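Undergrad: This is the structure I want to talk about, given as structure tokens.
Residue numbers (the working numbering): 3 to 249.
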């Protein structure tokens, strides 16, 4: 039985931990040649140890020149998974202009940079799947103290649909994944920063109707579907994997 991504190449940002790491491992198991990038060298070393077939590179997605250079180095991709993201906590009154600009640069403009760099190769090959990490907290659902984050993730959905519409006749598919609350190291850091991680965890779980947090592997499964030929008739979608939070 053939593996689902046999013969494909994939480029992943924020692949050192959490959803990005789980997706890199999943894609590699399913036969893809994976280029995994992150700004955390130790996390990339851990990923290499888990799967030596994965190609890892340090990359700051806020650096346009670095993205252009790595796109030349890797060559064309079949799959681009933009997984990087940052959660600013607070309302509009807690969000400085610097907070706003950083959130958009990391969460949205980084995707603009990678898509612009990798789309030409996809178009030349007549195929490609772009997967962008959004969130249920976006244009789909509001949440307290997530003003900048929700704004950026709504923009990701708009970016996704625009790319899908522009290139739907060219063999390019572009979809967004919209998770609920997922058990990741970054979530753990945010829990710890409250000063009472146990209470914070209980609060995060309480807002999930299933009564638990999602796992990185569950989101990676959605990314695998969107990367594979099984989803060839799917583009421009906000793919919700939120444990029922949006019901």
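No residue lacks a Cβ here, since even glycine has one placed at the ideal position from N, Cα and C. Small disclaimer: the values here were computed from a predicted structure and weren't measured.
Determine contact between the stretch 50-58 and the stretch 165-181, defined as no fewer than three beta-carbon pairs at a distance below 8 Å.
TA: At 8 Å Cβ cutoff, the stretches do not touch.
Undergrad: Across the stretch 197-208 and the stretch 126-142, are there enough close Cβ pairs to call them in contact, namely three or more that are closer than 8 Å?
TA: They do not touch, by the three-pair rule.
Undergrad: Could you give the distance in angstroms between the alpha-carbon of residue 215 and the alpha-carbon of residue 111?
TA: Within the chain shown, the letter at position 213 stands for residue 215. Within the chain shown, the letter at position 109 stands for residue 111. Computed Cα separation, rounded: 28 Å.
Undergrad: Is the CB-CB distance between residue 138 and residue 182 below 9 Å?
TA: Counting from one through the chain shown, the residue named residue 138 turns up at place 136. Counting from one through the chain shown, the residue named residue 182 turns up at place 180. Yes, they are a contact pair.
Undergrad: Report the rounded CA-to-CA distance for residue 68 versus residue 41, giving the unit in angstroms.
TA: Here residue 68 corresponds to residue number 66 of the chain shown, with the count starting at 1. Here residue 41 corresponds to residue number 39 of the chain shown, with the count starting at 1. Between residue 68 and residue 41, the C-alpha separation is close to 12 Å.
Undergrad: Considering only C-alpha positions, which residue in the set 189, 178, 246 is nearest to residue 209?
TA: The count along the chain shown starts at 1 and reaches residue 209 at position 207. Out of 189, 178, 246, 246 has the C-alpha closest to the C-alpha of residue 209.
Undergrad: With a threshold of 7 Å on Cβ separation, who are the neighbours of residue 101 within its own chain once the five nearest residues in sequence on each side are excluded?
TA: Along the chain shown, one-based indexing puts residue 101 at 99. Within the same chain, residue 101 has close Cβ partners 90, 150.
Undergrad: May I have the straight-line CA-CA distance separating residue 230 from residue 147, to the nearest angstrom?
TA: The residue labelled residue 230 in the question sits at position 228 within the chain shown. The residue labelled residue 147 in the question sits at position 145 within the chain shown. Residue 230 and residue 147: Cα-Cα distance of roughly 36 Å.
Undergrad: For residue 34 versus residue 18, is the C-beta spacing smaller than 9 Å?
TA: Counting from one through the chain shown, the residue named residue 34 turns up at place 32. Counting from one through the chain shown, the residue named residue 18 turns up at place 16. Not closer than 9 Å, so no.
Undergrad: Less than 9 Å between the C-beta atoms of residue 79 and residue 11, yes or no?
TA: For the purposes of this step, residue 79 is identified with residue 77 of the chain shown, where counting begins at 1. For the purposes of this step, residue 11 is identified with residue 9 of the chain shown, where counting begins at 1. Yes, they are a contact pair.
Undergrad: By how many angstroms is the C-alpha of residue 185 removed from the C-alpha of residue 52?
TA: The count along the chain shown starts at 1 and reaches residue 52 at position 50. The count along the chain shown starts at 1 and reaches residue 185 at position 183. If I take the Cα positions, the gap works out to 20 Å.
Undergrad: Exposed or buried, which one is residue 177 when buried takes at least 16 other CB atoms within 10 Å?
TA: For the purposes of this step, residue 177 is taken as the residue at position 175 of the chain shown. When all chains shown are included, residue 177 counts as buried.
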